[in-house]
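Student: Could you have a look at this structure, given as structure tokens, before my questions?
Residue numbers (our numbering), protein chains in the order written: chain B, 943 to 1173; chain F, 4 to 235.
Rendered as structure tokens:
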């Protein structure tokens, strides 16, 4: 054995490992559908903002906190960026009228809400023009296959194939606080299949459905609010 | 008896007999077994302790034109709850301080004036100048884990009872206030998620009290002037 052969073996191992790492960042297969339904003309000034909140869990809604954070951060980026008023600060400023038990269930509840002492003033101070209510969640719809891994004194590895399907389905209802009515709705549905084949080394191909739904919903929301054109 | 030479202890020139080796091995096994038992006991004794702390925002409500005495029993101000779940750790909650904050905040916003009193009623100062005396109690506390509800949520239920008395101590009504809070386990660690669920339940109780107090029929009939009707 020459001195070059161990180096060649190490180089091959490094290349295989790098290929495995790159593969792990590849997305699985996904299909995305984004829709909007507009009831009224929109448009938002630079001095105005939106507040993005999950609908009440008293209605059975179970939207993930991190999805709301993702949408809030994403709408603040890009050419159509929108100012976002932090939802926790908004709920505290209008306490107790936006708690899960007390939050208005529809835009019809806005006139009664504004009739409460101090609510109109607080709303004006916050600069919030639109309230965005997010419903939906990401669920695993199917799974299958099997993956086995073992470690022995001489080494270890995995063998098999595991897969699963995720459905990320979200909708955002937009209320115009200034006009006291519903401006419309946007929705994002993403279906993705993730696969982990393994022959010694597992190569995860993960479909990031929730992230795709977040970005899709956020971009559609920006377009919905910034575009003040005809319905 | 067969003599053994202990080659692992080169400094020892002493010969180890078979009986001595057996005794040493038996002692080592006993020590290992004792350590395993101790480890099991320690694991079984693990517990989750949740000390609930929060501040409540000032509510946007119109105060009622009433002067009310507040009586807090030590059972409320020192409240703690412990439950040993089967196949899980022991959960304990400390709520005493936050109960006091909750009711001070709610009643200070709900009434024009509040004072602390030592009893649920009486004669003379300070009871003569009061419209009512309120004594909140915590009747029930429950919680659930994600594996129990088969969801991603930690949840807390709390039931308070607000005993409302006339200044001389006659009970007007005992108004039950049920509160619920949940928190996403995916957003927090185990202990933080349960704490957040408890905070959400307390905020729910606060909101229910400030919004619903004046609407409770017996309280409304006994205390609320007609001019404040349906405005809270």
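Yeah, the Cβ is synthetic: ideal placement off N, Cα and C, and Gly gets one too.
No experiment lies behind these values; they were computed from the predicted model shown.
Opposite residue 178/F in the DSSP bridges: which residues?
Tutor: 165/F
Student: Taking only beta carbons into account, state which residues of the stretch 1029 to 1057 of chain B come closer than 9 Å to chain F, listed in chain order.
Tutor: Answer in chain order: 1033, 1034, 1035, 1036, 1037, 1038, 1039, 1041, 1042, 1043 and 1044.
Student: Is residue 47/F close to chain B, meaning its C-beta is less than 9 Å from at least one C-beta of that chain?
Tutor: Note that residue 47/F has pLDDT 45, beneath the 50 cutoff, so the model's placement of it is unreliable and the number below is only indicative. No, residue 47/F does not count as interfacial toward chain B.
Student: Terminal residues of the continuous beta strand (DSSP E) containing residue 1116/B?
Tutor: 1097 to 1118
Student: Is DSSP giving residue 1146/B helix, strand or coil here?
Tutor: coil
Student: Taking 9 Å as the cut-off, decide whether the C-beta atoms of residue 1156/B and residue 1130/B are in contact.
Tutor: yes
Student: Mind checking residue 3/F: buried by the 16 CB within 10 Å criterion, or exposed?
Tutor: Missing from the structure shown is residue 3/F; chain F here goes from 4 to 235 and no further.
Student: Check the DSSP bridge columns for residue 1032/B and list the partner residues they point to.
Tutor: None; residue 1032/B has no bridge partner.
Student: What residues in its chain sit with their C-beta under 6 Å from that of residue 133/F, if we drop five residues either side in the sequence?
Tutor: Counting only Cβ-Cβ distances below 6 Å, and skipping sequence neighbours, we find 70, 72 and 170.
Student: Could you tell me which residues DSSP pairs with residue 1091/B in its beta bridges?
Tutor: 1100/B
Student: What would DSSP say about residue 1000/B, mapped onto helix, strand or coil?
Tutor: Looking at residue 1000/B - three-state DSSP - the assignment turns out to be helix.
Student: Along chain F, which residues have their Cβ under 8 Å away from the Cβ of residue 1060/B?
Tutor: The CB of residue 1060/B comes closer than 8 Å to the CB of 63 in chain F, given here in chain order.
Student: Hey, could you find the ends of the alpha helix (DSSP H) residue 1041/B is sitting in?
Tutor: Annotation for residue 1041/B: no alpha helix (DSSP H) segment contains it, and DSSP assigns it neither H nor E.
Student: Leaving out the 5 sequence neighbours to the left and right, which residues in its chain are closer than 6 Å to residue 1038/B when beta-carbon positions are compared?
Tutor: Within the same chain, residue 1038/B has close Cβ partners 1044.
Student: Please compile the residues from chain B whose C-beta is within a distance smaller than 7 Å of the C-beta of residue 270/F.
Tutor: As shown, chain F starts at 4 and ends at 235. That puts residue 270/F outside it, with no answer to give.
Student: Taking residue 96/F as the reference, give the member of 154/F, 217/F and 50/F with the closest Cα.
Tutor: 50/F
Student: Alpha carbon to alpha carbon, what distance is there between residue 1052/B and residue 1123/B?
Tutor: 8 Å
Student: Determine whether the beta carbon atoms of residue 186/F and residue 208/F lie at a separation below 9 Å.
Tutor: no
Student: Under 8 Å Cβ-Cβ, which residues of chain B neighbour residue 200/F?
Tutor: Neighbours of residue 200/F on chain B: none; closest Cβ ~11 Å, over 8 Å.
Student: Whose C-alpha, out of 29/F, 173/F, 59/F and 35/F, is nearest the C-alpha of residue 203/F?
Tutor: 59/F
Student: Using a Cβ cut-off of 9 Å, pull out every chain F residue sitting near residue 1008/B, in sequence order please.
Tutor: 187, 189 and 190
Student: So, is the C-beta of residue 213/F closer than 9 Å to a C-beta in chain B?
Tutor: Contacts with chain B at 9 Å (Cβ-Cβ) include residue 213/F.
Student: Relative to the C-alpha of residue 971/B, which residue among 1152/B, 998/B and 1137/B is closest?
Tutor: 1137/B
Student: Quick check: is the beta carbon of residue 164/F nearer than 9 Å to any beta carbon in chain B?
Tutor: no
Student: With a threshold of 6 Å on Cβ separation, who are the neighbours of residue 1025/B within its own chain once the five nearest residues in sequence on each side are excluded?
Tutor: 991
Student: To the nearest angstrom, report how far apart residue 1023/B and residue 142/F are at their CA atoms.
Tutor: 49 Å
Student: Look at the alpha carbon of residue 984/B and the alpha carbon of residue 116/F, and state the distance between them as a whole number of angstroms.
Tutor: For residue 984/B and residue 116/F, the distance between alpha carbons rounds to 46 Å.
Student: Given this structure, state the Cα-to-Cα distance separating residue 153/F from residue 147/F, to the nearest angstrom.
Tutor: 10 Å
Student: Quick one: does residue 1108/B have its CB under 9 Å from some CB of chain F?
Tutor: no
Student: For residue 1152/B and residue 973/B, I'd like the C-alpha separation in whole angstroms.
Tutor: 12 Å
Student: Under 9 Å between C-beta atoms, does residue 115/F make it to chain B?
Tutor: no
Student: Please classify residue 126/F as buried or exposed, where buried requires at least 16 neighbouring CB atoms within 10 angstroms.
Tutor: Residue environment: residue 126/F is assigned as exposed (fewer than 16 neighbouring CB atoms within 10 Å of its CB, all protein chains considered).
Student: At a CB distance below 8 Å, what residues from the stretch 1060 to 1075 of chain B approach chain F? Give them in sequence order.
Tutor: Cβ contacts with chain F: 1060, 1061 and 1064.
Student: Against chain B, with Cβ distances strictly below 9 Å, would residue 151/F count as a contact?
Tutor: no
Student: Quick check: what's the CA-CA separation for residue 1055/B versus residue 92/F?
Tutor: Distance between the alpha carbons of residue 1055/B and residue 92/F is about 44 Å.
Student: Identify whether residue 47/F lies in helix, strand or coil by the three-state DSSP scheme.
Tutor: Note that residue 47/F scores 45 on pLDDT, short of 50, meaning its location in the model is unreliable; the coordinates nonetheless yield the value given after this. It is helical.
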